[in-house]
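There are 2 protein chains.
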Amino acid sequence: MRPLRADARDNRARILTAAEEVFGQSPNASTDEVAKLADVGIATVFRHFPTKAELLEAVLTVRLERLRDRAIELAGHDDPGAAFFAFFDQVVAEAASKLAIADALGAAGSSAGADAREAGAGMREAFGNLLARAQRGGQVRADAAFPEVYALLIGASRGATAARLEPEVRDRMLALLYGGLRTRA
Amino acid sequence: MRPLRADARDNRARILTAAEEVFGQSPNASTDEVAKLADVGIATVFRHFPTKAELLEAVLTVRLERLRDRAIELAGHDDPGAAFFAFFDQVVAEAASKLAIADALGAAGSSAGADAREAGAGMREAFGNLLARAQRGGQVRADAAFPEVYALLIGASRGATAARLEPEVRDRMLALLYGGLRTRA
Numbered sequence: 001m002r003p004l005r006a007d008a009r010d011n012r013a014r015i016l017t018a019a020e021e022v023f024g025q026s027p028n029a030s031t032d033e034v035a036k037l038a039d040v041g042i043a044t045v046f047r048h049f050p051t052k053a054e055l056l057e058a059v060l061t062v063r064l065e066r067l068r069d070r071a072i073e074l075a076g077h078d079d080p081g082a083a084f085f086a087f088f089d090q091v092v093a094e095a096a097s098k099l100a101i102a103d104a105l106g107a108a109g110s111s112a113g114a115d116a117r118e119a120g121a122g123m124r125e126a127f128g129n130l131l132a133r134a135q136r137g138g139q140v141r142a143d144a145a146f147p148e149v150y151a152l153l154i155g156a157s158r159g160a161t162a163a164r165l166e167p168e169v170r171d172r173m174l175a176l177l178y179g180g181l182r183t184r185a
Numbered sequence: 001m002r003p004l005r006a007d008a009r010d011n012r013a014r015i016l017t018a019a020e021e022v023f024g025q026s027p028n029a030s031t032d033e034v035a036k037l038a039d040v041g042i043a044t045v046f047r048h049f050p051t052k053a054e055l056l057e058a059v060l061t062v063r064l065e066r067l068r069d070r071a072i073e074l075a076g077h078d079d080p081g082a083a084f085f086a087f088f089d090q091v092v093a094e095a096a097s098k099l100a101i102a103d104a105l106g107a108a109g110s111s112a113g114a115d116a117r118e119a120g121a122g123m124r125e126a127f128g129n130l131l132a133r134a135q136r137g138g139q140v141r142a143d144a145a146f147p148e149v150y151a152l153l154i155g156a157s158r159g160a161t162a163a164r165l166e167p168e169v170r171d172r173m174l175a176l177l178y179g180g181l182r183t184r185a
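Going down the list, the protein sequences come from chains A and B. For reference, each letter of the first sequence is one residue, going 1 to 185 in the UniProt record's numbering. For reference, each letter of the second sequence is one residue, going 1 to 185 in the UniProt record's numbering.
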């Protein structure tokens, strides 16, 4: 990719912020609505993102990178159990819009490309690190292996989204789930 | 609906069985493939189900009714805790094809109609009954309310499907989740 001039960089960032908002609300929204919210012309959107699929993937990548960075930051937390569950909370709470974007990408005839896949792998690695720390700290069951804990994270996220859970129900669902993950007192 | 003659009823049942198999494998499969597997002409399929959406909904309804009947049957089981977890297991294990059909219905431009909604409500009621019995039996935490337990069921189903989990990982995921639902020894 060619380096972008400062104003082009600003436009790109504005378009991504607007797209996250617009597609988070409705995955079937049009690129036109993104241009309006970003206050740029539609031609500018297409110059940065020639297809809707490319725009959706860029939004998904940004979200995954942000979650990865949050997991890395939480790995420095004093209480590894609290850090692990705080990250789990955040992923599930954010899932509605993140999954809507992933679904929209599927509907746009493209599954996640290299950038989103790399960001996803980085997020999983950082989550695995939080899990390992919480297990070493004795706060999460040592016999819970990564694949099934990650499956619970995905499942809780999808359950919260599919059932459009009220935040109170979501929190009680997570409390039950965390009861299974925590070591017994 | 007009009563069907015996051979028409047989054709309808054969089409539904074939459709469950074909759309369970791939929600984007064509009605033509269903006709071939059912060994009937495509005109016969369209006579029973004028649109793909109607065929998909009939398949989804049959599956939900079957799960509801299974939950009702399990409610007669001696061990209400074992009955509750056996039903949970079965829903999650079957989720891959059931969800594929629900997704296909969405993609066909129609969300579940009255028949599927009624079957879904019957299934939820029967599941709620299994939960109440397991709680009265002291095997499931009494403070777990239906909405969050149902959200866990949906979440575990979607997690197993989205991540295409190996059966072993699925079982370990459920073991963690059940640890959170069970009363403490």
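Even glycine gets a Cβ: it sits at the ideal position worked out from N, Cα and C. These numbers come from a predicted model, not from an experiment.
Cutoff 9 Å: residue i Cβ touching any chain B Cβ
i	result
Leu165/A	yes
Val169/A	yes
Val91/A	no
Arg136/A	no
Amino acids of chain A, ordered along the chain, whose beta-carbon sits closer than 7 Å to that of residue i
i	result
Ile123/B	In the sequence as presented, Ile is not what sits at residue 123/B; that position holds Met. Correct list: empty, because the minimum Cβ distance to chain A is about 14 Å.
Pro147/B	Val169
DSSP bridge partner residues for residue i (one or two, in chain order)
i	result
Arg5/B	Arg5/B is not bridged to any residue.
Arg182/B	Val140/B
Within-9 Å CB hit, residue i to chain A
i	result
Gly24/B	no
Ala175/B	yes
Arg9/B	no
Ala6/B	no
Arg133/B	no
Chain A residues whose Cβ lies nearer than 9 Å to that of residue i
i	result
Gly180/B	Ala175, Leu176, Leu177, Tyr178, Gly179, Gly180, Leu181 and Arg182
Arg63/B	Those within 9 Å of Arg63/B in chain A number zero; the least Cβ separation is about 17 Å.
Chain B residues whose Cβ lies nearer than 8 Å to that of residue i
i	result
Arg14/A	Near Arg14/A there are no residues of chain B at all, since even the closest Cβ is about 32 Å away, more than 8 Å.
Where residue i meets chain B, residues with beta-carbon distance less than 7 Å
i	result
Ala144/A	Leu176
Contacts of residue i in chain B (Cβ-Cβ under 9 Å)
i	result
Arg68/A	Those within 9 Å of Arg68/A in chain B number zero; the least Cβ separation is about 18 Å.
Cβ-heavy atom distance, residue i to the ligand FMN, below 8 Å
i	result
Glu21/A	Here there are no bound small molecules, and the ligand FMN is not part of this structure.
Amino acids of chain A, ordered along the chain, whose beta-carbon sits closer than 8 Å to that of residue i
i	result
Arg117/B	Near Arg117/B there are no residues of chain A at all, since even the closest Cβ is about 15 Å away, more than 8 Å.
Arg47/B	Ordered by position in chain A, no residue passes the 8 Å Cβ test against Arg47/B, which lies about 31 Å from the chain.
**Message:** Could you check whether the region 61-68 of chain B touches the region 109-129 of chain B, counting it as contact only if at least three pairs of C-beta atoms, one from each stretch, sit closer than 8 Å?
**Reply:** With a cut-off of 8 Å, the region 109-129 of chain B and the region 61-68 of chain B count as touching, because enough Cβ pairs lie within range.
**Request:** Give, in chain order, every residue of the region 152-163 of chain B whose Cβ lies closer than 9 Å to some Cβ of chain A.
**Result:** The residues in question are Leu152, Leu153, Ile154, Gly155, Ala156, Ser157, Arg158, Gly159, Ala160, Thr161, Ala162 and Ala163.
**Message:** For the structure I just gave you, are there three or more beta carbon pairs, one from the region 41-59 of chain B and one from the region 70-90 of chain B, closer than 8 Å?
**Reply:** In this structure the region 41-59 of chain B does not touch the region 70-90 of chain B; the number of beta carbon pairs closer than 8 Å is below three.
**Asked** Do the region 126-144 of chain B and the region 138-156 of chain A touch if we need at least three Cβ pairs shorter than 8 Å?
**Response** Contact check between the region 126-144 of chain B and the region 138-156 of chain A: fewer than three CB pairs, one atom from each, fall below 8 Å, which does not count as touching.
**Prompt:** Taking one C-beta from the region 163-174 of chain A and one from the region 15-35 of chain B each time, how about it: are there three or more such pairs within less than 8 Å?
**Reply:** No, because fewer than three Cβ pairs between the region 163-174 of chain A and the region 15-35 of chain B fall closer than 8 Å, the two stretches do not touch.
**Request:** Mind the definition here: the region 150-158 of chain A touches the region 152-166 of chain B only if three or more C-beta pairs lie below 8 Å; say whether that holds.
**Result:** Judged by Cβ distances under 8 Å, the region 150-158 of chain A makes contact with the region 152-166 of chain B, as three or more pairs qualify.
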